[in-house]
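Peer 1: Residue numbers (my numbering), protein chains in the order written: chain A, 1 to 85; chain B, 1 to 511.
Beta carbons are placed, not taken as given, at the ideal position from N, Cα and C, and that holds for glycine.
My questions will all concern the structure given below.
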């Protein structure tokens with residue numbers, strides 16, 4: 001009934017392109033990075049070392065990303081229900 | 001203007017074709033003859049979806065299925081949650097991941113190949129965007145899916161949504177909204193969303209679920225009723241659809257609710273083939289102008305005409321889609337004029353909602369006349385409302401336009417017992433005032449419907465107007481003089497003339 005947190009993170013960089021995003025992701029242990037086409041400097045980071053769903057936020061990962069001077073914003077993605085009709 | 005159903009000369013050798021009553025309804029499966037999408041007429045005119053790709057945002061597509069393989073667009077298919085370019089449905093014991101394959105068949109199943117049935121746009125392509133085969137969704141997956149290859153995917157079809165338990169109030173999150181806005185504004189994409197389930201208690205919920213962001217860019221539709229919508233497809237108890245199924249099979253039992261989105265996507269694919277320059281706004285105009293009352297009837301909610309004569313119904317919107325009429329109109333369609341947005345006014349003083357009777361408020365607007373963002377011909381109207389009550393599900397909200405069109409913004413939802421959250425700046429939307437002049441006095445009525453007396457406070461009502469400054473149909477070519485387009489164009493010409501005379505008189509009098 002409580003919130004569920006995923007291993008997906010929204011990461012917005014101050015500047016820099018895909019290469020910069022990949023460097024940031026690699027340095028913080030994220031296995032994958034994907035540009036969000038609708039968001040300037042917005043990237044989808046996913047962490048293969050984290051459970052796909054967990055009850056608690058991964059504060060460590062979020063804080064580390066937020067402390068990185070290249071990162072403007074980092075948000076761990078919350079899970080929610082979608083039902084097939 | 002309808003042709004006799006027996007005059008339709010479409011013969012397909014696909015074994016389930018005769019069971020697909022929504023394509024051609026001859027009264028099979030206890031249906032009403034003629035109550036179909038009139039796709040036969042569009043097919044006869046040569047439109048079958050060629051050159052159009054529809055993204056099925058679901059649980060994958062059985063792209064090896066012999067009825068789908070030839071129409072599968074592999075390059076535009078993907079799964080963002082697993083980063084898998086081959087989004088074949090993942091195995092489950094109960095075949096639960098058959099949903100996307102079934103939807104794909106409804107839009108793009110090949111014709112005349114002796115396999116299963118026929119898609120509405122049987123020469124279109126389908127892309128599988130796998131996203132629903134996991135226990136939960138994230139905003140970033142939803143947003144990535146709906147923004148995947150918009151240069152290739154013309155229409156996104158979604159047959160899913162939040163839990164429909166009669167009290168969930170949920171909608172797209174921040175990233176998904178950004179992705180949708182980006183898609184429809186930068187690239188011409190069309191998003192088609194099916195609303196709600198068929199449970200009795202869920203009917204009313206649909207008014208506020210995906211509506212909550214008043215996402216005018218989405219063409220919303222409901223296979224069941226009680227939603228202020230653009231249009232509906234309706235099934236009247238014929239709940240199951242014949243289509244393709246997992247592992248090369250066919251089924252007669254796909255949910256009619258789910259089928260509504262791909263079937264509508266198929267109709268719009270036919271229109272896009274007729275005119276590749278159509279935008280999402282053009283498509284909505286075409287929907288309003290070509291949807292038909294057909295034989296849709298409800299004892300309580302009767303058909304009415306809005307201020308410019310367009311026939312609508314609270315339950316059925318502008319009626320059932322008519323593919324034949326749509327492709328004919330789409331062919332010569334000129335893109336509608338630019339859209340403007342105006343805050344028509346706002347009431348922000350708290351007002352008590354009486355336990356019995358109704359709170360009645362009025363708001364007079366000039367629709368930003370004299371300013372750059374003047375709105376003269378309405379498309380969408382939003383009432384942004386903040387309200388709290390002792391029982392949210394008993395709230396009933398209606399709004400009436402200056403031209404006298406009454407829209408039901410929210411009706412009773414018996415399962416919603418919220419007494420704390422209420423609605424916070426909730427943008428209820430109506431399309432039933434389409435084409436009207438918004439200048440004048442708007443009225444809002446809020447009351448309670450239920451067995452127990454309730455209390456509530458309305459804290460805000462802001463009127464948002466969206467539409468054009470110039471007449472949208474004045475340059476359109478009229479071929480059918482009995483059509484809604486002809487009627488609307490005549491109305492526009494008369495109004496333009498009246499206003500020109502008025503301006504001249506004012507000018508003469510001032511001199």
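Spell out the partners DSSP gives residue 282(B) in its beta bridges.
Peer 2: The partner list for residue 282(B) (beta bridge, DSSP) is empty, contrary to what the question assumes.
Peer 1: My assumption, with CB atoms under 8 Å, is that residue 434(B) sits in contact with residue 383(B). Please give the rounded CB distance.
Peer 2: Rounded, the Cβ-Cβ distance is 16 Å, inconsistent with contact.
Peer 1: Please state the DSSP three-state secondary structure of residue 126(B).
Peer 2: Strand at residue 126(B).
Peer 1: Can you name, in chain order, every residue of its own chain whose Cβ lies under 6 Å from the Cβ of residue 308(B), other than the five neighbours on each side?
Peer 2: Cβ within range, chain order: 435, 436, 491.
Peer 1: Anything in chain A within Cβ reach of residue 99(B), meaning under 9 Å, just list it in chain order.
Peer 2: Neighbours of residue 99(B) on chain A, chain order: 84, 85.
Peer 1: Is it buried or exposed, residue 262(B), if we count other Cβ atoms within 10 angstroms and call 16 or more buried?
Peer 2: Its Cβ being crowded by 16 or more others within 10 Å, residue 262(B) is buried.
Peer 1: Between residue 114(B) and the rest of its own chain, which residues show a CB-CB distance below 6 Å, the 5 nearest in sequence each way excluded?
Peer 2: Answer for residue 114(B): 13, listed in chain order.
Peer 1: When you compare only the Cα positions, how much space is there between residue 22(B) and residue 151(B)?
Peer 2: Spanning the two alpha carbons is a distance of roughly 30 Å.
Peer 1: Taking residue 47(A) as the reference, give the member of 84(A), 23(A), 9(A), 73(A) with the closest Cα.
Peer 2: The candidate whose alpha carbon is nearest that of residue 47(A) is 9(A).
Peer 1: Exposed or buried, what is residue 111(B) when buried is set at 16 or more other beta-carbons lying within 10 Å of its beta-carbon?
Peer 2: Buried, since its Cβ has 16 or more Cβ neighbours within 10 Å.
Peer 1: Identify which residue in 22(A), 30(A), 19(A) has its Cα closest to the Cα of residue 61(A).
Peer 2: Among 22(A), 30(A), 19(A), the Cα nearest to that of residue 61(A) is on 30(A).
Peer 1: Does chain A have any CB closer than 8 Å to the CB of residue 141(B)?
Peer 2: So yes, residue 141(B) belongs to the interface.
Peer 1: If residue 129(B) and residue 55(B) are in contact, beta carbons under 8 Å, what's the gap, nearest whole angstrom?
Peer 2: That belief holds up - the Cβ atoms of residue 129(B) and residue 55(B) are roughly 5 Å apart, short of 8 Å.
Peer 1: Extract the residue ranges of the alpha helix (DSSP H) inside the region 64-115 of chain B, only unbroken runs of 4 or more that lie entirely within it.
Peer 2: Taking only runs of at least 4 residues, the alpha helix (DSSP H) segments lying wholly in the region 64-115 of chain B are 99-108.
Peer 1: To the nearest angstrom, how far is it from the Cα of residue 254(B) to the Cα of residue 242(B)?
Peer 2: About 7 Å.
Peer 1: Taking 8 Å as the CB-CB limit, is residue 36(A) close to chain B?
Peer 2: Chain B, which has a Cβ nearer than 8 Å to the Cβ of residue 36(A), makes this yes.
Peer 1: Can you pull out the residues from the region 4-31 of chain A whose beta carbon lies closer than 7 Å to at least one beta carbon of chain B?
Peer 2: Of all residues in the region 4-31 of chain A, 4, 6, 8, 10 have a Cβ within less than 7 Å of some Cβ in chain B.
Peer 1: Given that residue 240(B) touches chain A, what residues does it touch there, using C-beta distances under 8 Å?
Peer 2: Those do not exist, as residue 240(B) stays about 13 Å from chain A at its closest Cβ, beyond 8 Å.
Peer 1: Excluding the 5 residues flanking residue 122(B) on each side, which residues of the same chain have their C-beta closer than 8 Å to its C-beta?
Peer 2: If we look at residue 122(B) and ignore the five residues flanking it on each side, its Cβ neighbours are 48, 49, 71, 108, 109, 110, 111.
Peer 1: What did DSSP end up calling residue 268(B) once you bin it into helix, strand or coil?
Peer 2: Three-state DSSP puts residue 268(B) in a helix.
Peer 1: Counting along the chain, where does the alpha helix (DSSP H) carrying residue 142(B) start and finish?
Peer 2: Looking at the DSSP string, the run of the alpha helix (DSSP H) that includes residue 142(B) is 139-146.
Peer 1: Should residue 78(B) go down as buried or exposed, given a rule of 16 or more other Cβ atoms within 10 Å for buried?
Peer 2: Residue 78(B) should be labelled buried.
Peer 1: Considering residue 329(B), what are the terminal residues of the beta strand (DSSP E) in which it resides?
Peer 2: Residue 329(B) -> not in any beta strand (DSSP E); alpha helix (DSSP H) instead, spanning 323-331.
Peer 1: Which first and last residues belong to the beta strand (DSSP E) in which residue 68(A) is found?
Peer 2: Note, residue 68(A): premise wrong, no beta strand (DSSP E); not H, not E.
Peer 1: Using 8 Å for Cβ pairs, my map puts residue 85(B) next to residue 60(B). What's the rounded Cβ distance?
Peer 2: No, residue 85(B) and residue 60(B) are not in contact; Cβ-Cβ is about 12 Å, not under 8 Å.
Peer 1: Where residue 252(B) and residue 7(B) are concerned, what is the direct C-alpha to C-alpha distance, given to the nearest angstrom?
Peer 2: Their Cα atoms are separated by approximately 27 Å.
Peer 1: Taking the C-alpha atoms as reference points, what is the distance between residue 228(B) and residue 411(B)?
Peer 2: Unreliable positioning characterises residue 228(B) in this predicted model, as indicated by a pLDDT of 42, which lies under 50. The coordinate reading is nonetheless provided below. Computed Cα separation, rounded: 10 Å.
Peer 1: Looking at the C-beta of residue 151(B), does it have a partner C-beta in chain A at a distance below 8 Å?
Peer 2: No, no contact with chain A.
Peer 1: By DSSP's criteria, residue 76(A) is part of a beta bridge. Which residues make up the other side?
Peer 2: DSSP output for residue 76(A) lists 9(A) as bridge partner(s).
Peer 1: Between which two residues does the beta strand (DSSP E) containing residue 345(B) stretch?
Peer 2: First-last of the beta strand (DSSP E) with residue 345(B): 339-347.
Peer 1: Taking contact to mean at least 3 C-beta pairs separated by less than 8 Å, is the region 63-76 of chain A in contact with the region 4-20 of chain A?
Peer 2: Contact holds: three or more Cβ-Cβ distances are below 8 Å.
Peer 1: May I ask you to list the residues that DSSP assigns as paired with residue 255(B)?
Peer 2: Its beta-bridge partners are 240(B).
Peer 1: Under the criterion of a Cβ to heavy atom distance below 7 Å, does residue 508(B) qualify as lining the ligand ATP?
Peer 2: Only the bare structure without any ligand can be found here, which leaves the ligand ATP out of the picture.
Peer 1: Are the CB atoms of residue 34(B) and residue 313(B) nearer to each other than 8 Å?
Peer 2: Not closer than 8 Å, so no.
Peer 1: Identify whether residue 53(A) lies in helix, strand or coil by the three-state DSSP scheme.
Peer 2: In the structure shown, residue 53(A) sits in a strand (DSSP, three-state: E or B).
Peer 1: In terms of alpha-carbon separation, which member of 332(B), 347(B), 154(B), 414(B) lies closest to residue 425(B)?
Peer 2: Checked all of 332(B), 347(B), 154(B), 414(B); the closest Cα to residue 425(B) is 347(B).
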